[in-house]
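As you go down the protein sequences, you meet chains A and B in turn. The numbers in UniProt numbering rise by one with no breaks, and the one at position 61 of the first sequence is 61. The numbers in UniProt numbering rise by one with no breaks, and the one at position 50 of the second sequence is 50. Using N, Cα and C, we set each Cβ at its ideal position, and we do this for glycine too. Note that the coordinates shown come from a computational prediction; the quantities given were computed from them, not determined experimentally. Input: a single structure, listed below in structure tokens.
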Amino acid sequence: MELSPDYLMKIKMRSNASFIHNKEPIKLFNLNQAQTTSQDLKLGKLSNNTSDCIGLKQSTKLDLIALTATQEIPQFIMNAFSILTLRTPQEGLFRMSPSDELQKPLQKTLETNGNLEMQNLEVDQICSLIKYFYRKLNNPLISEKMSILFRKSAEEDVKTMQIMTDPYRTNLIYLLKQLNNFSQNLLYKMDAKNFGVVFAPNLFELYNLGDEKILKRLIENANSFE
Amino acid sequence: MKQKQIKITFVGDNNIQRSGFLRQFLKQNNDCFIPVVEEYIEGECTINNQLVSYRLQDTPCNEDYDRIRHLYYLGTDIFVVCYQVVDLTNAGIKQSFNNVRAKWIPEIRQHSNAPIIILGTEAELLHTPALQIQDEEITQLVRDVGAQMHIISSSKHKYNIQLVIHQALHIILKQKEKETRNYK
């Protein structure tokens, strides 16, 4: 297993920069000290606090394969999007973030049960929960290998989409189609580019700057995938 | 003698005209509604007969970017933390104001010891019946956080836009003067 050179560069940059710019070193892992194998890095073993890593992989209970045992798309996602389409359009869908105090108990129940009652929640809260769900998945929707393929060529998106394995492929296409629908409605003031910016760090396993442009492309062409 | 570029980083909640402030500084159209990934403005000005080059760095402040945002903090000389001067919900939540204490300052202090300016945005809303944030709360916040300065600005009416940048540069230049004096 090999890490992408961009990711290694980022880790090196951070570990060096912490010595230059800060009097107290940042609590990040240091490549030279730890002498790690690439597998350890991938599993997130080095850092006690997984949120420090740029990679999304982490040990949470939200497992897409288990959640999609009986149906193609998790019940939570289906419910959330059906509620969102029924509500009156607001400016900045998926962009505004609600206060943390309100969200934390909801996030906990979502993580343990995999589903949640949402009829009484505000639009912002539901949007934030959807993003949280994708962020906390055991395996993110777009894995490192797939993201490399997407970065390579803009024209072969349909082909690369066919390589993806199944619960992830169907879920990604479902999400892209939903976002495409929302981007057609001008009342939301969110086009494909804006959705790309907001969703990119939630979907890519290893996020690099510029990935939001890939997502923008995918959302615009959502209807060409099957 | 050419000086090192001074980096001023802007943080703060979403939808409080933080990027609007920077676009107004460039005298651009402020009507666009685009979430920021990475935007920066570079420029030069003279302060005390000294040529100073600066870089105004805007950061992605969505919750989605929580894991990545600290990359933008590297090398920052001074932070500008923004909040909205009124509570538009009128429910007493004061989300953007409370987040300065609860979210932004701890996050900055984890990565850097640079000085901080607190900036109230959208001052034009002070004349509306929306719930205002009391002066005592603000002074308390400035004292607790150890901020260098508190300024109110309005990007719609072009009020105090240049002042914020100039004050930030002044603070950095004074700090550097002190350091060199102590060194001698």
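Distance, Cα to Cα, residue i vs residue j?
{"i": "isoleucine 83(A)", "j": "leucine 102(A)", "result": "19 Å"}
{"i": "isoleucine 130(A)", "j": "lysine 145(A)", "result": "24 Å"}
{"i": "asparagine 180(A)", "j": "glutamine 95(B)", "result": "30 Å"}
{"i": "glycine 210(A)", "j": "proline 60(B)", "result": "13 Å"}
{"i": "lysine 213(A)", "j": "threonine 85(A)", "result": "25 Å"}
{"i": "histidine 111(B)", "j": "phenylalanine 225(A)", "result": "43 Å"}
{"i": "glutamate 107(B)", "j": "glutamine 140(B)", "result": "20 Å"}
{"i": "arginine 143(B)", "j": "leucine 64(A)", "result": "47 Å"}
{"i": "threonine 112(A)", "j": "asparagine 202(A)", "result": "19 Å"}
{"i": "glutamine 107(A)", "j": "isoleucine 163(A)", "result": "32 Å"}
{"i": "alanine 129(B)", "j": "leucine 121(A)", "result": "Residue identity check: residue 129(B) is proline in the sequence provided, not alanine. So the alpha carbons of these two residues sit roughly 27 Å apart."}
{"i": "glutamine 134(B)", "j": "arginine 181(B)", "result": "40 Å"}
{"i": "residue 185(B)", "j": "glutamine 5(B)", "result": "Since the first residue of chain B shown is 1 and the last is 184, residue 185(B) is not available in this structure."}
{"i": "residue 251(A)", "j": "asparagine 115(A)", "result": "Residue coverage of chain A in this structure runs from 1 to 226, which leaves residue 251(A) outside it and unanswerable."}
{"i": "leucine 169(B)", "j": "proline 98(A)", "result": "34 Å"}
{"i": "lysine 159(A)", "j": "isoleucine 73(A)", "result": "22 Å"}
{"i": "lysine 152(A)", "j": "asparagine 185(A)", "result": "31 Å"}
{"i": "glutamate 178(B)", "j": "leucine 163(B)", "result": "The sequence shown places lysine at residue 178(B), rather than the glutamate named in the question. Cα to Cα, lysine 178(B) sits roughly 22 Å from leucine 163(B)."}
{"i": "glutamine 175(B)", "j": "glutamate 42(B)", "result": "21 Å"}
{"i": "tyrosine 132(A)", "j": "glutamate 136(B)", "result": "36 Å"}
{"i": "glycine 146(B)", "j": "phenylalanine 79(B)", "result": "12 Å"}
{"i": "asparagine 62(B)", "j": "glutamine 125(A)", "result": "14 Å"}
{"i": "aspartate 100(A)", "j": "glutamine 167(B)", "result": "32 Å"}
{"i": "asparagine 208(A)", "j": "histidine 127(B)", "result": "43 Å"}
{"i": "lysine 27(B)", "j": "methionine 161(A)", "result": "43 Å"}
{"i": "isoleucine 68(B)", "j": "arginine 109(B)", "result": "16 Å"}
{"i": "lysine 158(B)", "j": "alanine 66(A)", "result": "54 Å"}
{"i": "tyrosine 174(A)", "j": "threonine 70(A)", "result": "17 Å"}
{"i": "asparagine 113(B)", "j": "isoleucine 165(B)", "result": "19 Å"}
Is it true that the CB of residue j sits closer than 8 Å to the CB of residue i?
{"i": "phenylalanine 10(B)", "j": "leucine 56(B)", "result": "yes"}
{"i": "threonine 85(B)", "j": "leucine 131(B)", "result": "The question names threonine, yet the displayed sequence has valine at residue 85(B). Cβ distance not < 8 Å, so valine 85(B) and leucine 131(B) don't count as in contact."}
{"i": "phenylalanine 182(A)", "j": "methionine 190(A)", "result": "yes"}
{"i": "tyrosine 72(B)", "j": "valine 100(B)", "result": "no"}
{"i": "aspartate 58(B)", "j": "tyrosine 40(B)", "result": "yes"}
{"i": "residue 293(A)", "j": "leucine 62(A)", "result": "Any answer about residue 293(A) is impossible in this case: the structure gives chain A only from 1 up to 226."}
{"i": "leucine 206(A)", "j": "leucine 176(A)", "result": "no"}
{"i": "proline 167(A)", "j": "threonine 68(A)", "result": "yes"}
{"i": "valine 37(B)", "j": "valine 197(A)", "result": "yes"}
{"i": "lysine 7(B)", "j": "aspartate 66(B)", "result": "no"}
Taking buried to mean at least 16 other C-beta atoms within 10 Å of its own C-beta, is residue i buried or exposed?
{"i": "lysine 23(A)", "result": "The predicted model places lysine 23(A) with a pLDDT of 37, which falls under 50 and marks its position as unreliable; any figure quoted below should be read in that light. So lysine 23(A) counts as exposed."}
{"i": "serine 19(B)", "result": "buried"}
{"i": "glutamate 156(A)", "result": "exposed"}
{"i": "methionine 118(A)", "result": "buried"}
{"i": "glycine 92(B)", "result": "exposed"}
{"i": "methionine 78(A)", "result": "exposed"}
{"i": "leucine 110(A)", "result": "buried"}
{"i": "histidine 70(B)", "result": "buried"}
{"i": "aspartate 64(B)", "result": "buried"}
{"i": "proline 105(A)", "result": "exposed"}
{"i": "leucine 51(B)", "result": "exposed"}
{"i": "leucine 119(B)", "result": "buried"}
{"i": "lysine 103(B)", "result": "buried"}
{"i": "asparagine 222(A)", "result": "The sequence shown places alanine at residue 222(A), rather than the asparagine named in the question. Buried, since its Cβ has 16 or more Cβ neighbours within 10 Å."}
{"i": "tyrosine 134(A)", "result": "buried"}
{"i": "asparagine 98(B)", "result": "buried"}
Here's a check: name, in chain order, each residue in its chain whose Cβ is nearer than 7 Å to the Cβ of residue i, leaving out the five neighbours to either side.
{"i": "glutamine 148(B)", "result": "Pro115, Ile116, Ile117 and Ile171"}
{"i": "isoleucine 138(B)", "result": "His150"}
{"i": "phenylalanine 81(A)", "result": "Gln178"}
{"i": "cysteine 127(A)", "result": "Leu93 and Phe94"}
{"i": "tyrosine 183(B)", "result": "none"}
Who does residue i pair with in a DSSP beta bridge?
{"i": "cysteine 45(B)", "result": "Val52(B)"}
{"i": "cysteine 82(B)", "result": "Gly12(B) and Leu119(B)"}
{"i": "glutamate 39(B)", "result": "Asp58(B)"}
{"i": "tyrosine 159(B)", "result": "Ser154(B)"}
{"i": "methionine 149(B)", "result": "Ile117(B)"}
{"i": "isoleucine 142(A)", "result": "Phe204(A)"}
{"i": "aspartate 87(B)", "result": "Leu131(B)"}
{"i": "residue 214(B)", "result": "No answer is possible for residue 214(B): it lies beyond the span of chain B, which begins at 1 and ends at 184."}
Leaving out the 5 sequence neighbours to the left and right, which residues in its chain are closer than 8 Å to residue i when beta-carbon positions are compared?
{"i": "asparagine 87(A)", "result": "One point to set straight first is that residue 87(A) is arginine, not asparagine, in the sequence displayed. Closer than 8 Å at the Cβ level, and outside the excluded window around arginine 87(A), lie Val123."}
{"i": "isoleucine 161(B)", "result": "Phe21, Gln24, Phe25, Ser153 and Ser155"}
{"i": "phenylalanine 195(A)", "result": "Phe94, Leu179, Phe182, Ser183, Leu215, Lys216 and Ile219"}
{"i": "glutamate 122(B)", "result": "Ile16, Gln17, Gln84, Val85, Val86, Ser154, Ser155 and Lys156"}
{"i": "serine 53(B)", "result": "Gln3, Gln5, Ile6, Glu42, Gly43 and Glu44"}
{"i": "leucine 173(B)", "result": "Ile47, Asn48, Gln50 and Val52"}
Leaving out the 5 sequence neighbours to the left and right, which residues in its chain are closer than 6 Å to residue i when beta-carbon positions are compared?
{"i": "phenylalanine 204(A)", "result": "Ile142, Ser147 and Asp211"}
{"i": "lysine 193(A)", "result": "Lys216"}
{"i": "leucine 187(A)", "result": "Pro89"}
{"i": "threonine 170(A)", "result": "Glu72"}
{"i": "asparagine 32(A)", "result": "Per-residue confidence for asparagine 32(A) stands at a pLDDT of 34, beneath the threshold of 50, marking its modelled position as unreliable; no derived number is given."}
{"i": "isoleucine 105(B)", "result": "Val145"}
{"i": "residue 245(A)", "result": "As displayed, chain A neither begins before 1 nor continues past 226, which places residue 245(A) out of reach and without an answer."}
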